[in-house]
Amino acid sequence: MMAVGKSSLYVAIGGLVTPFIIGYAVLIALNLDVMVALFMASALTATSIGISVRTLSDMGKLHLRESRCTLGAAIIDDVLGLLILTMLVSINLKGAIGVEELTTTIVSTLTFFAVFLGIGVKIFPRVIDYIAERFKIRGVMLSMAVATAIVTAYLAEHTGLAAILGALLGGFLFAETKHKEGIANDIRPLSQILTPMFFVLMGMHVDVRLFGEVALMTLLFITVAALGKIVGCSLGAMAGGLTAREALIVGLNMIPRGEVGLLFAQYGLSLGILNQQAYLILIVVSLGSTLITPPLIRMGYTLLGGKRENRTDERAKISG
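This is the structure we're talking about:
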């Protein structure tokens, strides 16, 4: 597990740095505004692993080392992606991009993160567990979860950070409680209502008439998004001890942007950083990268064969 954890960290870093550098270089070469280039390049760092997990599960590959590495990397990638989004939001609010603004943003973000995780994780779960055991009333935990998400999101935004980071940290607090499974079950019906509404809202802001104007740029960006993840994550996986075959599969697994990429697009549009054309590009990149991933994963396993899987299974039987 430690080996997988190390490789997951390397994969996450490679999958963040490589697409960002390539995307930013391409956008600056096309004479885009620096803030727009930063935001769009940062959107390429995101990973939405749900579609890859479903594909791997359907293929019976979820138990393999490359799959476990992908899952770990995706979690790290999501946290790092949200931190980047938070810093961009904060920099945009300051209205300047410089060493001082960047340093202040990084320090405030990490401080906010450290305070919540350092103090909150020790105290908050005990309070929640006490309330759950003292007040056995249906819906109390759901109300606590919603209230916590709202409060932590408000505190993050009031500090000059992205509200979504605060909501994420609120979830981290509940992760340490004894009643987290029950809370998750209570929240699930709510998410089934709100998630489709989120996608409807995203779609309402899309002007499909502009697609002809940005078609070539969109194809270029999808290519950059896919290659950036494949190259960066594959190199990170090999640095973490995986074989070249496993590393390539990890790179393919990490291509989808999905809802995480949509969050970047929504924030960029609402803050006035992105125009309708840039917003449309990010929306199509998120959808396109998600659609191409399952066939690429299947093609990867078909072309690369299953010898590694057989050897892994044999070693598992021997060690067992």
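Numbered by our numbering, the letters in the sequence shown go through residues 1 to 320 in order.
Here a beta-carbon is modelled for each residue, glycine too, at the ideal position from N, C-alpha and C.
Because the structure is a prediction, the values reported are computed rather than measured.
CB of E157 within 8 Å of CB of A163, strictly: yes
V127 (DSSP reduced to helix, strand or coil): helix
Inter-stretch contact (C-beta, 8 Å, three-pair minimum) for the region 28-44 and the region 238-254: no
CB-CB length for F174 against I131, believed under 8 Å: The Cβ separation is near 12 Å, so there is no contact.
Sequence-distant residues of the same chain with beta carbon closer than 7 Å to G182, five excluded per side: M141
Among K61, G15, F112, L271, nearest to M35 - alpha-carbon criterion: L271
Cα-Cα separation between F264 and L165, rounded to whole angstroms: 13 Å
Stretch pair the region 189-202 + the region 215-223: three plus CB contacts closer than 8 Å: no
Beta carbon of A145 nearer than 8 Å to that of A73: no
T159 to Q266 span [Cα, whole Å]: 20 Å
Outcome for R188 when other beta-carbon atoms lying within 10 angstroms are tallied against a minimum of 16: exposed
Close-in-space but distant-in-sequence residues of the same chain around V214 (CB under 7 Å, 5 per side omitted): Q277, L280, I281
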